[in-house]
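Participant:
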Amino acid sequence: MAQSIDEDGTVDPWRRRVRRTRRQMPLWQELPLLLVVAFCLAVLIRTFLLQAFFIPSGSMEDTLLVGDRVLVNKVVYDVRDPVRGEVVVFRGTDRWAPQIDGEQQIGFVGKLGRTVGDLVGVSRPGEKDFIKRVIGVPGDRVRCCDEQGRVTVNGTPLDEPYVLEDSPLDVPPNPKECRSRRFDEVVVPPGQIFVMGDHRLVSQDARCQGPVPIDNVIGRAFLVVWPSSRWSHLSVPPTFDDVSGPAVASPSGPPPVRPTPQGGALLVLPLTIALGRSRAFRSVPFSRAS
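This is the structure:
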């Protein structure tokens, strides 16, 4: 490395100290910078790539238990539509009853903390965020039940070992309530999906609240990340491999990459580089889904 040499041939010590100062930054200056970088990365990842959701209800037991955290891929449905058997997080339509939380009054500090938490996904999301399993995709004919009390998709019965408690067969079907196992045949409209909970006895789902637009889907839940004892991959059950039939593509499918006015399709590359260089990012933000 070239050094500054005085006229008498010695190294200038002042310039050497300047170079040393530029190479090193005190911890008290570096730490706030790293915290800001970590916060920005958490916001970007929550918005575009991955988000963790908290499970507050038993509608997906025993696949997902109350208190589980699941990791949701928010990019996958930018390149394709959901498929049968996947577990998805979505925003319910006006027909979907909101989750009632019995929320207590909080002060200014609590509201401020919740606002910051919402940015990075640590706090609770909207009251109409739900998590269910995809049973039918556009064009499918879904009904219940066959002679053995099973749900059928395009005439193919589903063997569902993941269902904890099914709804009773002796309760008359009611399109406004999800108390009965039986429901009339539903032809899933284009651009929508038919979803149900794995704990059918307590799940309020598409049986009584209607299909969900694919545009409302936030992402696919693919991994249980907490508690560590329940770490598992949320795969598609093999029973859906036997289903075939008149599933149709959405009339106007999404583009390969979600565009933004500022060219946000190129965000993944710089974000990946930033993640590799950052020492501050150590956690994934959490939200909750019903």
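Using numbering that gives the first Met the number 0, read the sequence shown as starting at 0 and increasing by one per residue.
For glycine and all other residues, C-beta sits at the position ideal for the given N, C-alpha and C.
Source: prediction; values computed, not measured.
(1) Using 8 Å as the limit for Cβ to Cβ distance, is residue 128 near chain C?
(2) Residue 154 to residue 175, Cα distance in whole Å?
(3) Is the Cβ-Cβ distance between residue 69 and residue 170 less than 8 Å?
(4) Does DSSP classify residue 144 as helix, strand or coil?
(5) Within the same chain, show all residues whose beta-carbon is closer than 6 Å to that of residue 219, passing over the 5 residues directly before and after it, in chain order.
(6) Given that a residue counts as buried once 16 or more other Cβ atoms are within 10 Å of its Cβ, and exposed if not, what is residue 96?
(7) Per DSSP, what are the beta-bridge partners of residue 131 in this structure?
(8) Where does the unbroken alpha helix (DSSP H) through residue 205 begin, and where does it stop?
(9) Since residue 202 and residue 209 should fall inside the 8 Å C-beta cutoff, what is the C-beta to C-beta distance between them, to a whole number of angstroms?
(10) Would you mind sorting residue 198 into buried or exposed? The rule is 16 or more other CB atoms within 10 Å of its CB.
(11) Using a 10 Å radius around the Cβ and a threshold of 16 neighbouring Cβ atoms, would you call residue 229 buried or exposed?
(12) Given 8 Å as the limit, is there contact between the region 135-142 and the region 50-68, that is, 3 or more CB pairs closer than that?
(13) Hey, could you find the ends of the beta strand (DSSP E) residue 214 is sitting in?
(14) Under a three-way DSSP split, which group does residue 232 fall into?
(15) How many angstroms separate the CA atom of residue 194 from the CA atom of residue 30?
(16) If you compare alpha carbons, which of 129, 180, 89 is closest to residue 212?
(17) Does the beta-carbon of residue 128 have 16 or more other beta-carbons within 10 angstroms, so that it is buried, or is it exposed?
Facilitator: So, from the data block:
(1) In the structure shown, chain C does not exist; there is a single protein chain.
(2) Along the sequence shown, read from residue 1 onward, the residue named residue 154 stands at position 155. Along the sequence shown, read from residue 1 onward, the residue named residue 175 stands at position 176. Going from the Cα of residue 154 to the Cα of residue 175 covers about 24 Å.
(3) To locate residue 69, count along the sequence shown from 1; it is residue 70. To locate residue 170, count along the sequence shown from 1; it is residue 171. No, the Cβ-Cβ distance between residue 69 and residue 170 is not below 8 Å.
(4) As a position in the sequence shown, residue 144 is number 145, starting the count at 1. Coil at residue 144, not helix or strand.
(5) For the purposes of this step, residue 219 is taken as the residue at position 220 of the sequence shown. The answer, listed in chain order, is 72, 75, 85, 87.
(6) In the sequence shown, counting from the first residue as 1, residue 96 sits at position 97. So residue 96 ends up on the exposed side.
(7) Counting from 1 along the sequence shown, the entry for residue 131 is found at position 132. For residue 131, which the question treats as bridged, DSSP gives the partners 87.
(8) Sequence index remark: in the sequence shown, residue 205 carries index 206 (1-based). Note, residue 205: alpha helix (DSSP H), 205-208.
(9) Within the sequence shown, residue 202 is the residue found at index 203, counting from 1. Within the sequence shown, residue 209 is the residue found at index 210, counting from 1. About 14 Å; that fails the 8 Å criterion.
(10) As a first step, residue 198 must be located in the sequence shown, where it is residue number 199. Buried is the call here.
(11) Counting from one through the sequence shown, the residue named residue 229 turns up at place 230. Answer is exposed; the Cβ neighbour count stays below 16.
(12) no
(13) If you number the sequence shown from 1, residue 214 lands on position 215. No beta strand (DSSP E) holds residue 214; DSSP gives it neither H nor E.
(14) Residue mapping note: residue 232 aligns to position 233 of the sequence shown, counting from 1. Residue 232 falls in the strand class under three-state DSSP.
(15) Position 195 of the sequence shown, counting from 1, holds the residue named residue 194. Position 31 of the sequence shown, counting from 1, holds the residue named residue 30. Using only the alpha carbons, I get a separation of about 45 Å.
(16) In the sequence shown, counting from the first residue as 1, residue 212 sits at position 213. Here the closest residue by C-alpha is 89.
(17) Counted from its first residue, the sequence shown places residue 128 at position 129. It counts as buried.
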